[in-house]
Structure formats: C-alpha cells, structure tokens
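Read through the structure below, which is laid out as structure tokens, and then see the notes.
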Amino acid sequence: MSRSPVIVRTLPALRRALDTLRSRHASLALVPTMGALHDGHVSLVRLAKRRASKVAVSIFVNPAQFAPNEDFAAYPRTWKADLARLAAENVDLIWNPDAKTMYPAGFASKILTEGPALVGLEDWFRPQFFGGVTTVVGKLFAQVRPDLALFGEKDFQQLRVVTRMARDLDLGVKVLGVQIVRERDGLAMSSRNRYLSPEHRGSAPALYRGLKKAAKRIRGGDKLAPALAEAAATITAAGFKLDYLEARHAETLAPIASRKDGPIRLLVAATIGTTRLIDNVAV
Ligand code: AMP
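In the working numbering, the protein residues as written are 1055 to 1337.
Spelled out as structure tokens, the structure:
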C-alpha cells in the first residue's frame, strides 16, 4: 500500500517536516534529482529505503548547472508522474523548491571543487556544470541535513566530485554510489533519452556496446589504446559524435596508462542528433 509523501516547497515548511521526520532519532537519506523520474532514480530510492529509516527525494531542475546553450528550458518536467512513482515507493518527503527559494535575490556564493572536478572530462565540455552541481548539492545537504545521500554511477564524475566535497567540507553526509540501471538493450536510463528520435534511440545502445567490448578486451590483457579505438569506431559508426572516450583511474579519475596503474573506469560522452549522452563501465 502506498502512502502520500509530505511535499514541501518552502524552507520553513521543510524545517517543520524534518523536525517531525527526525524525531526518535530516525536516520534520513536524501536522493537528489531533477525529476523526470525513471527506474534509475527508483533504484536510488529503493537502496535509500534499505539504508535509512526515512527517505527524502529532492526534485529541483537546477538552472545553475546548465549553460545558456543547454537544455534547461526544454528539460522534461513530469511532476504528476514523479509524485505517483515516489508515493508508490513510500518516500517520506519530497523537497521541491522553486528557483527563488534556492537562489534568492542577491545570491552570491558558489562551492568550487578541484580534484575530480578538474580532470578534463565533463568539466572540459560543460565548464559551468560542477560549480552548479556542488553549490546546489551543498545547499541541499545544508537544508535537509541527511545522514546519507545517494547518487548514481551513471554520472560517475559527479559521484566522485560530490563524494570528495562531502569529505573535504566535513558535511557529515555519507555519499553512496548506486549502479547504473539500463534499458533491456543496454542503454543507460536517462531523463534525456526521451529526446531521442526513434532512429537515434535504435542506434544509442552502441554507446554501451562499445564500452563493454573495450572493458572485456582490457580485462583479457589487451592494451588500452586499441581497445578504446575499437570502441570509438563502434560508437561513431552508430552516428555519435564523441566528446571523450577515456580510460581513467576509477577513484581519482586521473589519466591511466595501463591496468597495472589501478582500477579502471571507461567513460564516454557523445552526441547523437542533438542529444548528448554519457555512460561508463568498470573494467
Ligand atoms: P538526475 O535527475 O538526472 O540529476 O539524476 C538524479 C540522480 O539519479 C543522480 O545521482 C544520477 O546519477 C542518478 N541516475 C540517473 N540515471 C541513472 C541510472 N540510469 N542508473 C542509476 N542512477 C541514475
């Protein structure tokens, strides 16, 4: 049976709701999202339910992490369906502030991180992105004060950046990464997949196919460069234009020359039509 989550949109209402939730020393998990929820988001919520006694989900399409030429205005907003999904998962609280609540007039602060936020992956192609993410996630942590926060490995660099920030700033939040949830044909679930034309949707699984094959070759002892070159060929042959396709150290995201140098993560970002997708796999 599902129970309606408490929905709050202002900071005073959030504080009151948290006072109620936090009584009797309940542990609280936060799942930050931009809405347009799919099974990937739901897997974060389900793990949160297992790890904490109360679960809050934030839905906020954060203007600060979009560049002017990106898809902020077009980003899918599916409030009714999102609410139904979260109610079905018995989420306790939905934090759904508007932009004025998050960035009131005169707002002039930013959290800037280095380390995994400056490794030449997403940060090169979306220079404003991590400043927007860390600032909003820092605010969400301050507002909700969760014990635990869950982030998807889908946004692998983001997971590393937020984990580092929480540690560096002693935010008292344990950040937990959650495996990527994929469609049956391997495409990583994403709110942006709905932008794909039927033709591009048909080609899109090449992204994962290329990564998976490269990971297998590297595990089997092949060198990184030829394995990545084959993956790049698979991905571009499907109609993608590559931003990057790289083997990085899975923890630091530093460039890595061979398997001996540490655990490897293969990361890709590429555009098909007008839709930019990202994905990654462990080696
Ligand atoms: P978003 O709403 O796209 O900002 O995503 C909210 C959270 O869900 C982020 O931590 C994402 O990494 C995570 N997420 C998005 N897609 C997936 C997926 N396919 N599998 C697992 N986590 C995901």
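Note that the Cβ used here is the ideal one computed from N, Cα and C, for glycine as well.
Is any heavy atom of the ligand AMP found at a distance shorter than 7 Å from the C-beta of L1320?
Checking every heavy atom of the ligand AMP against the Cβ of L1320, none is found closer than 7 Å.
So, helix, strand or coil for L1307, using DSSP?
In the structure shown, L1307 sits in coil (DSSP, three-state: anything other than H, G, I, E or B).
Can you tell me which of the three DSSP states V1173 falls into?
Reduced to three states, the DSSP call for V1173 is coil.
Please report the residue range of the alpha helix (DSSP H) in which V1215 lies.
Per DSSP, V1215 belongs to the alpha helix (DSSP H) from 1210-1222.
Taking the alpha-carbon positions, what's the D1239 to R1271 distance?
Cα to Cα, the separation comes out at about 21 Å.
Note down the Cα distance separating L1147 from H1079, rounded to an integer number of angstroms.
When rounded, the distance between both Cα atoms is 16 Å.
Can you tell me where the beta strand (DSSP E) holding R1319 begins and where it ends?
Looking at the DSSP string, the run of the beta strand (DSSP E) that includes R1319 is 1318-1326.
Under 8 Å, do A1304 and I1318 count as touching if we go by C-beta distance?
Contact: yes.
Taking all protein chains shown into account, decide if A1162 is buried (16 or more other Cβ within 10 angstroms of its Cβ) or exposed.
Counting Cβ neighbours within 10 Å, A1162 comes out exposed, since fewer than 16 surround it.
When we look at the beta-carbon of S1244 and count the other beta-carbons within 10 Å, is it buried (16 or more) or exposed?
The residue is buried, with at least 16 neighbouring Cβ atoms inside 10 Å.
Are there any heavy atoms of the ligand AMP lying less than 7 Å away from the beta-carbon of M1088, as far as the coordinates show?
Yes.
To the nearest angstrom, how far is it from the Cα of R1057 to the Cα of A1138?
Whole-angstrom Cα-Cα distance: 10 Å.
Under 8 Å, do I1165 and M1219 count as touching if we go by C-beta distance?
The answer is yes: Cβ separation under 8 Å.
Taking 8 Å as the threshold (C-beta atoms), are D1201 and A1083 in contact?
The answer is yes: Cβ separation under 8 Å.
Please classify P1259 as buried or exposed, where buried requires at least 16 neighbouring CB atoms within 10 angstroms.
Burial call: buried.
When DSSP labels each residue in this structure, what does E1168 get in the three-state scheme?
DSSP places E1168 in coil when its eight states are reduced to three.
Just to check my reading of the structure: S1112 and P1086 have Cβ atoms closer than 8 Å, yes? What is that Cβ distance to the nearest angstrom?
Yes, they are in contact, since the Cβ atoms of S1112 and P1086 sit about 5 Å apart, within 8 Å.
Which residues bound the beta strand (DSSP E) around D1333?
From DSSP, the beta strand (DSSP E) with D1333 extends over 1329-1336.
Indicate, with yes or no, if the ligand AMP has a heavy atom lying under 7 Å from the CB of M1219.
No.
At a threshold of 7 Å, does F1195 count as lining the ligand AMP (C-beta to nearest heavy atom)?
Because no heavy atom of the ligand AMP lies under 7 Å away, the Cβ of F1195 does not count as near it: no.
Just tell me which of M1156, H1095, F1126, E1176 has its CA closest to the CA of D1136.
Measuring from the Cα of D1136, the nearest candidate turns out to be H1095.
Out of curiosity, what's the CA-to-CA distance linking E1143 and L1091?
In a straight line, the C-alpha of E1143 is about 12 Å away from that of L1091.
Suppose contacts are defined by Cβ-Cβ distances below 8 Å. Is V1322 in contact with R1273 by that definition?
No, these two residues do not count as a Cβ contact at 8 Å.
Provide the residue(s) that pair with V1060 in DSSP beta bridges, ordered along the chain.
L1147, per the DSSP bridge assignment.
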